[in-house]
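*Asks:* Could you have a look at this structure, given as structure tokens, before my questions?
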Amino acid sequence: MSIHNIALVYLEEIENTYRTEMVDAEKEGDYYRMVALPFFAKNLAIGDLIAVEDEDGVHYFDDLIKKSGRSTVRILFWNEGIINKTLEKLKLLGAVVFTLPEVTKYVALDIPAEIDYSPIQEFLKTGKLNQSWDFDEACLGWK
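Heads up: the sequence shown runs through residues 686 to 828, numbered per the working numbering.
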């Protein structure tokens, strides 16, 4: 299967402007299966089957065809000193951690469908209450 770059257009909430994020997907019949984690666009996860619209040679996300059951959660750390320890704990709980090299305080998690999200969610809520980080449940695959 060949990898294609898909443009996800999303509303950046702080500046209230539309931005585009590029993610990789594999062609599957008439659709595309996402093989990369969306860091910024909401309501999508790795493994989701999507429809695209081709515009001037660019594949733009058009519709979600079938959810993968995976979840995407984003964390913004306030305390940089706890990032590594926190990420190790999240990995032990079953999350797959993705980082952006240029932004160390912002992390995205891929949570496979077979992982119980409850312990991860409780851990994230505790950290938020302690003002160590804030988090956003960008896509909960079972909803």
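Where a beta carbon is used, it is the ideal one built from N, C-alpha and C, also for glycine.
1. Measure from the alpha carbon of P797 to the alpha carbon of each residue in F725, T811, K774 and A730, then state which is nearest.
2. Given a cut-off of 8 Å, decide if L777 and I805 are closer than it, judged by their beta-carbon atoms.
3. Counting along the chain, where does the beta strand (DSSP E) carrying I688 start and finish?
4. Can you give the Cα-Cα distance for M707 and N701, rounded to whole angstroms?
5. How would you call P786, buried or exposed, if buried means at least 16 neighbouring beta carbons within 10 angstroms?
6. Please classify I688 as buried or exposed, where buried requires at least 16 other C-beta atoms within 10 Å of its C-beta.
7. For the beta strand (DSSP E) containing K751, name the first residue and the last one.
8. Taking only the alpha-carbon atoms, compute the straight-line gap between V792 and F762 and give it to the nearest angstrom.
9. Who are the near neighbours of Y802 in its chain, counting only those whose CB is closer than 7 Å to its CB and skipping five residues on each side?
10. At a cut-off of 7 Å, is K776 close to the ligand COA when judged by its beta-carbon and the heavy atoms of the ligand?
11. Tell me whether F725 sits in a helix, a strand or coil according to DSSP, three-state version.
12. From this set, F724, M719 and Y717, which residue's C-alpha is nearest Y695's C-alpha?
13. Mind checking who D795 pairs with in its DSSP beta bridge?
*Replies:* Taking the geometry as given:
1. Selection F725, T811, K774 and A730 evaluated against P797 yields A730 as nearest (Cα-Cα).
2. The criterion of a C-beta distance shorter than 8 Å is not satisfied by I805 and L777.
3. Residues I688 to E697.
4. Rounded to whole angstroms, M707 to N701 spans 19 Å at the Cα level.
5. Counting Cβ neighbours within 10 Å, P786 comes out exposed, since fewer than 16 surround it.
6. With fewer than 16 Cβ atoms within 10 Å of its Cβ, I688 is classed as exposed.
7. From DSSP, the beta strand (DSSP E) with K751 extends over V743 to K751.
8. Note on geometry: alpha-carbon atoms of V792 and F762 lie some 8 Å from one another.
9. Within the same chain, Y802 has close Cβ partners S756 and I796.
10. This structure lacks the ligand COA; in fact it carries no ligand of any kind.
11. Here F725 carries a coil assignment [DSSP, helix/strand/coil].
12. The residue with the shortest Cα to Cα distance from Y695 is F724.
13. Bridge partners of D795: T757 and V781.
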